[in-house]
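Chemist: One structure is given below, represented as structure tokens, and several questions about it will come after.
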Amino acid sequence: MEEKKNMVLKRKNYIFIISGCLVVLLGFVLMSGGGSDDPNVFNEEELFSFRRITLAPFLVILGYGIVLYGIMKKN
0 MEEKKNMVLK RKNYIFIISG CLVVLLGFVL MSGGGSDDPN VFNEEELFSF
50 RRITLAPFLV ILGYGIVLYG IMKKN
């Protein structure tokens, strides 16, 4: 006889969760950097760029939303 494995979530849910984790990771990678080798130099344009201040946090929040959706979605 063939036994069915009872998984808590379906395959589609795991795809959402993994996708969300990758989006969160991408957001944190985009947020990193911007430092200077010389501690006396402050590069304001690089540190406060659109990518680090707006885009990256948006991707992190979006990624957490995708993970939450993947966990809560009924099959």
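To convert, note that position 49 of the sequence shown is 48 in numbering that gives the first Met the number 0; the numbers rise steadily by one, no gaps. Yeah, the Cβ is synthetic: ideal placement off N, Cα and C, and Gly gets one too.
(1) Would you mind sorting V7 into buried or exposed? The rule is 16 or more other CB atoms within 10 Å of its CB.
(2) Out of curiosity, what's the CA-to-CA distance linking F41 and I17?
(3) In this structure, does DSSP put K73 in helix, strand or coil?
(4) Short of 8 Å in beta carbon distance, which residues of its chain neighbour Y63, apart from the five on each side in sequence? Order them along the chain.
(5) Do the CB positions of R51 and G34 come within less than 8 Å of each other?
Modeler: According to the structure shown:
(1) Exposed, because fewer than 16 other Cβ atoms sit within 10 Å of the Cβ of V7.
(2) In this structure, the straight-line span from the alpha carbon of F41 to that of I17 is close to 37 Å.
(3) In the structure shown, K73 sits in coil (DSSP, three-state: anything other than H, G, I, E or B).
(4) Hits under 8 Å: G19 and V23.
(5) No, these two residues do not count as a Cβ contact at 8 Å.
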